[in-house]
Amino acid sequence: MEKLHLLPSSLRTPHCAERLARVRVTEVDWQQARNGAAHHTQEYPGPELVVRRGQVFTFALELSCPLDSTDTLIFTVETGPQASEALRTKAVLATSEPGEQNAWTAAKEAQEENTVTIGLTSPPDAIIGRYLLSFRVSSRRKHSDRKLGEFVLLFNPWCSEDDVFLASEEERQEYVLNDSGVIFRGVEKHIRAQGWNFGQFEEDILNICLSVLDRSPSHQKDPATDVSCRHDPIYITRVISAMVNSNNDRGVIQGQWRGKYGGGTSPLQWRGSVAILHKWFKGRFKPVKYGQCWVFAGVMCTVLRCLGIATRVVSNFNSAHDTDRNLSVDKFVDSFGRTLEDLTDDSMWNFHVWNESWFARQDLGPSYNGWQVLDATPQEESEGVFQCGPASVAAIREGDVHLAHDGPFVFAEVNADYVTWLCNEDESRERVYSDTKKIGRCISTKAVGSDSRVDITSLYKYPEGSRKERQVYRKALRKLFGVEASGRRGRVRRGGGRGLWCEDLLEPAAKPSITGKFRVLEPPLLGHDLKLALCLTNLISRAQRVRVNLSSATILYTRKPVAEILQESHTVRLGPEEEKRIPITISYSQYKEDLTEDKKILLAAMCLVSKGEKLLVEKDITLEDFITIKVLGPAMVGVAVVVEVMVVNPLLERVEDCKLMVEGSGLLQGQQSISVPSLEPQERALVQFSITPSKSGSRQLQVDLVSSHFSDIKGFVIIHVAKAK
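Per the working numbering, the sequence shown starts with residue 324, numbered consecutively.
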């Protein structure tokens, strides 16, 4: 690569200086196709040049007159307000000077008559964001720089010196460039996949993602300093985790978990991030109503992938929300196993969704590089703000909860002990035997290159109940409270003013002489009666009498009860080592009015054995529905193809207001609404419509059946779109 050299001042003539002063740029060719292919940014819609840091990009300048081989070009790059070299938000670089290591450099790549091609290289730790590029030709007389235009600089997972470097090309394609994905929801025993349109390459999304950074309180307070920190993925991801929720900062999404969504959109009706980000931006940064955990995670994944950080969505089933930082989820129940809301501050959600991003932890050391937990759902404040992470997954697995950021909270989500306390009428309480291995099950993410589910629980903890897992749990307690190896410590204060002794937390309740389990006798279909049985087994060789108090309630996915739908008691005599079944039926009419959009029901059985032993048996049920999508023919860019959807009315009543809501990045513009004819009770019908793909490759089409009579029934299909012939 030829460098331009400065003509010694003793040889420069006044005529030369005048010529240099008159040199102006008549046209700039940003060479978007060439740079887009080299920087993996060709999917951004433009018109701005988008490139990645730590890598050369080229542009051609058409000048008003030719340059001499001795002329030096001087470029200035600057980002943010009050750009300065001291803050690394400004750099001045001359083509005549050798580039310093990890600094901006410029070099002449080619020259032909009035056109010169320049290669500009940013350092691998450059600040990301929108840059202004200016230019001048050196001369003895000072003259102002001429603005060439703007470009956007992103993180670079392809650059080995970038903190966000990811070695696997397959993983880069999945976690940076894939604009659709799968979010897993449901319950541990019935995990369901939901499609999500990340849409990071859709129109205006990059500009909106940069605006998310600019709307943060740290930027509003001190914009120059804030921008100077944007070289660091640790800083960027923590800011984004706060800004995706609206708490504290008028961020993107307002959360709502009460099941009432007046004045906004139900979280279950979102099919992707694009509509949410557009609405926030066009509404002058007014928070979008409403979101829950998977919505926050979907939007955060969009923002971080858009900025160039490899990010994935992770679902944790039976996820703890530990409000008092004692690494224990304490649930207080009555004699029917019903949660006492006024006493229970902690909770265990059926599932919780967060993000992982891949980058180095320069603040912690190389042992903690790799996947980092980030959570935009506003659950608890961190440093006075509703934000969470980045917390190293490696640190969580080893119980190193003292490290930044928010390790104790994330550790509890996946590995807290689940403790149930029976509150008696005399206000005394006693620990009830329940599953202490319940928290942190089936931690899941989408597989690389397919829509299958990958279980990554082993990345977060050692096998549940193993000696190593217990050692890590005790280590985490020591890190938090300075506990001795025995685990004993003083009283842990709860948020509500109650105290629990550490030995209570570490010593499990006595194992009773019976076991119990709920069994589903028929598939739990929406609109149908539920038929189950409680199976009790006597573990000893003498007969026992058991009092069984049954209850059932419709719940939110956070396991917060909505309405009780069943309460009954039974007395069962179990012979030696005998198993008996107690049949349970919950009719559609019992749950119809109180079922939420989550379509979840919780059953509880408090089993009181004659010797004073107590066993709590619980089961979460998600009512099933389905939708089937077929593409009738090959898909090709610019050619219409027919999609056929089979829908089912799940109810025992006629429904007339159904419609299909359809969305898919690269398959159709925005969202489309397709009419569905009236459906008789449990009727199946075929609905056809056409789409015309605009982008090739693997594309996700989402189709939801929407009605005011039942919550959305969701489906998606992957369509492989060929390039136009």
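We put the CB at the ideal spot given by N, CA and C, even for glycine.
The model shown is predicted, which means the values in this text are computed figures rather than measured ones.
With fewer than 16 other Cβ atoms from the protein chains shown falling within 10 Å of its own Cβ, Glu979 counts as exposed.
Counting only residues of its own chain and dropping the five nearest sequence neighbours on each side, Pro906 has a CB closer than 7 Å to the CB of Ala856. The C-beta separation of Pro1000 from Asn972 comes to about 11 Å, leaving the pair out of contact by the 8 Å criterion. Distances from the CA of Ser680 to each of Val626, Lys602, Ser773, Asn530 were compared; the closest alpha carbon is that of Val626.
Closest by C-alpha distance to Ile514, out of Glu366, Leu396, Val777, Asp645, is Val777. Taking 8 Å as the cut-off, the beta carbon of Phe682 is found no closer than this to the beta carbon of Asp391. Asp921 is the residue among Arg495, Gly956, Gly989, Asp921 whose C-alpha sits nearest the C-alpha of Trp580. The C-beta distance from Ile837 to Cys930 rounds to 6 Å, short enough to meet the 8 Å contact threshold. The residues Gly504, Ile506, Gly595, Gly621, in chain order, have a CB closer than 6 Å to that of Trp519 in the same chain once the five nearest residues on each side in sequence are set aside.
Between the segment 712-725 and the segment 684-701 there are three or more C-beta pairs closer than 8 Å, enough to call the two in contact. As DSSP reads the structure, Met623 sits in no beta bridge. Trp481 is the residue among Trp481, Arg453, Pro370 whose C-alpha sits nearest the C-alpha of Val379. Rounded to whole angstroms, the gap between the alpha carbons of Thr412 and Glu401 is 6 Å. Arg553 and Leu529 have their C-alpha atoms spaced approximately 16 Å apart. Check the Cα spacing between Phe478 and each of Leu918, Arg376, Leu536, Glu494: the tightest is with Arg376. By the Cβ criterion, the segment 783-791 is in contact with the segment 745-765, since at least three pairs of Cβ atoms, one from each stretch, lie closer than 8 Å.
Excluding its 5 nearest sequence neighbours in each direction, Gly578 has C-beta neighbours in its own chain below 8 Å: Asn568, Ser569, Asn570, Tyr613, Gly614, Gln615, Phe619, Thr700, Pro701, listed in chain order.
Judged by pairs of C-beta atoms under 8 Å, the segment 877-897 does not touch the segment 985-1001, as fewer than three such pairs exist. In this chain, the beta strand (DSSP E) harbouring Asn520 covers 513-520. Excluding sequence positions up to five before and after Val475, its CB lies within less than 6 Å of the CB of Glu371, Val373, Arg453, all in the same chain and listed in chain order.
By the beta-carbon neighbour count (other beta carbons within 10 angstroms, threshold 16), Gly993 is exposed. For Cys624, the closest alpha carbon among the candidates Ser757, Tyr756, Asn501 is that of Asn501.
Here Leu416 is near Ala429, since their CB atoms are less than 8 Å apart.
For Lys937, the enclosing beta strand (DSSP E) begins and ends at 937-945. Remark: C-beta atoms of Ala876 and Gly660 do not approach each other more closely than 8 Å.
Scanning the segment 678-747 from its first residue to its last, the whole alpha helix (DSSP H) runs of 4-plus residues come out as 716-721, 730-738. Of the other Cβ atoms in all chains shown, fewer than 16 fall within 10 Å of the Cβ of Asp545; this residue is therefore exposed. Taken through DSSP and simplified to helix, strand or coil, His851 comes out as coil. Between the alpha carbons of Ser892 and Lys854 lies a distance of about 17 Å. Remark: C-beta atoms of Lys470 and Leu455 approach each other more closely than 8 Å. By the criterion of a C-beta distance shorter than 7 Å, Lys840 is surrounded in its chain by Cys858, Val940, once the five residues flanking it on both sides are discounted. For the segment 865-918, the full-length beta strand (DSSP E) segments reaching 3 residues or more read 867-878, 884-897, 902-909 along the chain.
Here DSSP, grouped into helix, strand and coil, assigns Asn861 to strand.
C-alpha of Ile1014 to C-alpha of Gly956: approximately 12 Å in a straight line. Under the DSSP assignment, Asn641 falls in the beta strand (DSSP E) whose first and last residues are 634-644.
Closest in C-alpha terms to Asp665, from the list Tyr584, Lys654, Asn358, comes Lys654.
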